[in-house]
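Remarks on the structure that follows.
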Amino acid sequence: MVICVHIEDIRNAVAQDLAPTSDGENVIEQGSRNEIWTEDCAADAMKQMTFLKTSGLLVNLDGAAGPYDYFHLVLDDVLLNLLVRETNRYAATVFLSDKTSENSRIIKWVDVTIDEMIRFIGLLLHMGTIKCNKIQDYWKTHWLFELNSFSKYMSRDRFLLILRCLHFSENPAVGEAPPYDRLYKIRPLLDHFHKKIKDIYYPSKNLSLDESMLLWRGRLLFKQYIKNKKHKFGIKIYILNLKVWY
7 MVICVHIEDI RNAVAQDLAP TSDGENVIEQ GSRNEIWTED CAADAMKQMT FLKTSGLLVN
67 LDGAAGPYDY FHLVLDDVLL NLLVRETNRY AATVFLSDKT SENSRIIKWV DVTIDEMIRF
127 IGLLLHMGTI KCNKIQDYWK THWLFELNSF SKYMSRDRFL LILRCLHFSE NPAVGEAPPY
187 DRLYKIRPLL DHFHKKIKDI YYPSKNLSLD ESMLLWRGRL LFKQYIKNKK HKFGIKIYIL
247 NLKVWY
């Protein structure tokens, strides 16, 4: 069976998922909208586009370029400066908060630098390759762990402190209404990522637009519920995949 899905329908679905609602948690139940599926994919019902460009990298890297050079195409100085600026700004807000006590870890805060932020992100990514039950376990000195690469580059308390204060945008001022955009806290990161991908890579002719579910058990206005799935609650995202699985 062939199923036709038009890009405009997908845009409308995303807009409906992120549209403002009344106060309180909003769980969208999958299948609540009245979709109509059809096997009729007539040629005149789909917009025909001619593929003219050549897919591949749009930037030149020499043969000596390593993994970090490619990673730095996205995590460039612009994004690093954003992370450092907003993280330090939020840390100052927490430090000056009335809720801060003499025993709070934030009392020891020192502004993060670009070099330190790079090490923090590197350790955060490395945690995805080595699974531990708790973040603190990566700094355990027991012989069953011995993950020296973590303590070598950053102390446990410093890592947890940066993680607590990590921010991508400025919070609304006291008494100011939150922005209309529900993703405003990570919007600068998303916008930067989308722009950089367009600047450094042009996709191939054949693309796949897929849905994916991110497991999420916390409170979120656009969390969805799919009763027949193993992970019933989560965040639905749309993924544009290339043939090489990017």
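Numbering-wise (the numbering used here), the sequence shown opens with residue 7 and increments by one. Virtual Cβ for every residue (Gly too), placed ideally from N, Cα, C.
Worksheet item: Going by the beta-carbon positions, is the gap between R162 and W145 smaller than 8 Å?
Response: yes
Worksheet item: What did DSSP end up calling I127 once you bin it into helix, strand or coil?
Response: helix
Worksheet item: Do you know whose CA, among M55, K59, Q54, K53, lies nearest S210's CA?
Response: If we check each option's Cα against that of S210, K59 comes out closest.
Practice prompt. Please state if the CB of L221 and the CB of H237 are separated by a distance shorter than 8 Å.
Written response: yes
Item to complete: Mark H173 as exposed unless 16 or more other C-beta atoms lie within 10 angstroms of its C-beta, in which case mark it buried.
Response: buried
Worksheet item: So, V80 versus T119, is the Cβ gap smaller than 8 Å?
Response: no
Item to complete: Determine the extent of the beta strand (DSSP E) in which D216 is found, giving its start and end residues.
Response: 214-221
Worksheet item: Given a threshold of 16 other Cβ atoms within 10 Å of its Cβ, counted over all protein chains shown, does K229 qualify as buried or as exposed?
Response: buried
Worksheet item: Who are I243's beta bridge partners in DSSP?
Response: S218
Worksheet entry | Neighbour flag for D205 against chain B, beta carbons, 8 Å | The structure shown contains no chain B; it is built from a single protein chain.
Discussion item. Taking its Cβ as the centre, do 16 or more other Cβ atoms sit within 10 Å of L167, making it buried, or is it exposed?
Written reply: buried
Worksheet entry | Residue nearest to I245 in terms of C-alpha spacing, selected from D75, L153, M219 | M219
Fill in: Cα-Cα separation, L195 to K202
11 Å
Practice prompt. Go ahead and pull the three-state DSSP assignment for Q230.
Written response: Here DSSP, grouped into helix, strand and coil, assigns Q230 to strand.
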